[in-house]
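See below for the structure under consideration.
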Amino acid sequence: MDLRIQKRLASSVLGCSPKRVKLTPSDELKEAITKDDIRALVRKGGILRVQKSGVSGGRSRKTAGQKSKGRRQGHGSRSGKAGSRLGRKESWIARIRAQREFLKGLRERKTISDADYKTLYRKSGGGFFRSVRHMKLFIGEHRMVKK
């Protein structure tokens with residue numbers, strides 16, 4: 005039994021795609037040839053609109069929960085350059101603050117002279133030292149530590 009016309013009419017009445025129209029086979033449905041007939045069948049329950057299937061959020065909630073715990077951070081999960089995860093400026097700020105804090109401690113304990121402090125401070129500001137460890141090596145090699 006061919007109900008293509010009824011399906012098309014029902015889709016225009018319901019305002020959805022013909023794929024979403026569910027027809028329950030009956031004699032009334034075969035005889036329905038006008039939109040009014042279709043509307044009557046919709047009211048009776050002979051024609052139904054199928055609910056759209058959405059996208060489940062369960063998987064995304066699961067991964068979000070794992071990320072909040074610190075999972076999925078490995079090398080294989082990373083995309084983009086290193087600078088996109090921790091910006092160049094942020095890493096610079098962290099590095100220079102650590103170096104300046106270290107220098108301040110050395111000056112307060114009188115481990116280095118004021119002149120050495122000044123040169124080291126300027127070098128660190130200019131980006132000479134890679135890290136506090138590099139600064140310690142430099143101080144040791146150039147015998148800047150007071151006895």
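Residues 5 to 151 (this note's numbering) make up the sequence shown, in order. By construction, the Cβ of each residue, glycine as well, lies at the ideal position given by its N, Cα and C atoms.
Buried versus exposed, by CB contacts within 10 Å (16 or more), residue i
| i | result |
| --- | --- |
| ILE51 | buried |
| LEU90 | exposed |
| ILE9 | exposed |
| ILE42 | buried |
| ARG45 | Note that residue 45 is Leu in the sequence shown here, rather than Arg. Buried, by the Cβ-count rule. |
| ALA68 | exposed |
| ALA36 | buried |
C-beta atoms of residue i and residue j nearer than 8 Å
| i | j | result |
| --- | --- | --- |
| GLN103 | MET148 | no |
| LYS11 | PRO29 | no |
| LEU33 | LEU13 | no |
| ARG134 | TYR121 | no |
| ILE100 | ILE143 | no |
| LYS150 | LYS114 | yes |
| GLN70 | ARG76 | yes |
Residue i versus the options, residue with shortest Cα-Cα distance
| i | options | result |
| --- | --- | --- |
| ALA98 | SER128, ILE37 and VAL54 | SER128 |
| HIS146 | LEU124, ARG76, GLY130 and ILE9 | LEU124 |
| LYS39 | PHE133, GLY19 and LYS93 | GLY19 |
| GLY130 | ILE42, GLY74, HIS79 and TRP96 | TRP96 |
| ARG53 | LYS26, LYS114 and GLY61 | LYS26 |
| GLN55 | ARG24, LEU141 and PHE132 | ARG24 |
Residue i in three-state terms, based on DSSP
| i | result |
| --- | --- |
| VAL136 | helix |
| ILE51 | strand |
| LYS182 | One cannot answer for residue 182 here, as it falls past the ends of the chain, which runs 5 to 151. |
| LEU141 | helix |
| LEU107 | helix |
Own chain, CB closer than 6 Å to residue i, minus 5 neighbours either side, in chain order
| i | result |
| --- | --- |
| PHE106 | VAL136 |
8 Å CB neighbourhood of residue i in its chain, flanking five on each side removed
| i | result |
| --- | --- |
| LYS73 | none |
Cut-off 7 Å between Cβ atoms - residues of its own chain near residue i, not counting five sequence neighbours on either side
| i | result |
| --- | --- |
| ARG47 | none |
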